[in-house]
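In our numbering, each residue's number is its place in the sequence shown (first place is 1) plus 6. Ideal Cβ placement from N, Cα and C applies to all residues, glycine included. One structure is given here, and the rest of the page talks about it.
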Amino acid sequence: MSRKPPATRADYRVFYPVQTRWMDNDVYGHINNVTYLAYFDTVVALWQIDNGIPVAQDAGIRFLVVESGATYHAEARFPEKLEAGIRVGHLGTSSMRFEVGIFREGQDSACVEGFFTHVAVNDETRPTPLPAEVRARIEDILV
Numbered sequence: 007m008s009r010k011p012p013a014t015r016a017d018y019r020v021f022y023p024v025q026t027r028w029m030d031n032d033v034y035g036h037i038n039n040v041t042y043l044a045y046f047d048t049v050v051a052l053w054q055i056d057n058g059i060p061v062a063q064d065a066g067i068r069f070l071v072v073e074s075g076a077t078y079h080a081e082a083r084f085p086e087k088l089e090a091g092i093r094v095g096h097l098g099t100s101s102m103r104f105e106v107g108i109f110r111e112g113q114d115s116a117c118v119e120g121f122f123t124h125v126a127v128n129d130e131t132r133p134t135p136l137p138a139e140v141r142a143r144i145e146d147i148l149v
């Protein structure tokens, strides 16, 4: 099975620093695979906060993760400083797919790529259209 090559920094719109921690390493001496999902979650939440998009229930709308995944290209280890690039690869009526690339310092190719699909839901946990102001902010990083 052939895999497509890793994304590059140019493929992403916004970057956030990610400081690895000692506890992120596993018995193989590299960052454990599940830790990357926590990195993705953190940087997407930071982007939302920076852009005035609620990360918790606010005004009757919240965003639930309905799908996530990752592709691993290369290892990273504590105490490396990483960077996470963020983009939105899909924007629907009530959903968006945040895509994150993790980059080692000085590297142009992602060592890990992943995604979270979020759905906007109302108080009854039913999909609801994205508010115009939220959609506008998301469109800024849509590819």
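For the pair of segments examined, the segment 133-144 was found not to touch the segment 83-92: the number of CB pairs separated by less than 8 Å stays below three. When rounded, the separation of the alpha-carbon atoms in V140 and P12 is 29 Å. Remark: C-beta atoms of Y22 and L52 approach each other more closely than 8 Å. For N39, the secondary structure class from DSSP, reduced to helix, strand or coil, is helix.
Within the segment 80-149, the complete alpha helix (DSSP H) segments at least 4 residues long are 138-145, listed from N- to C-terminus. If you check the CB distance, P135 and V127 do not come in under 8 Å. Under the DSSP assignment, P12 falls outside any beta strand (DSSP E); it carries neither an H nor an E label. Residue state for T77 is assigned as strand, using DSSP reduced to three classes.
In its chain, beyond the 5 residues on either side, H36, I37 and C117 have a beta carbon closer than 8 Å to the beta carbon of E81. Around the beta carbon of M29, a 10 Å sphere encloses fewer than 16 other beta carbons of the protein chains shown; the residue is thus reported as exposed. Closest in alpha carbon position to A76, among P85, Y45, T26 and P60, is Y45.
In the DSSP assignment, Y34 falls outside any beta strand (DSSP E), carrying neither H nor E.
I59 sits in coil when the DSSP states are folded into three classes, being neither helix nor strand.
Taken atom to atom, the span from the alpha-carbon of V40 to that of V61 is near 21 Å.
Taking the Cβ atoms as the reference, R93 lies roughly 7 Å from D17, within the contact range of under 8 Å.
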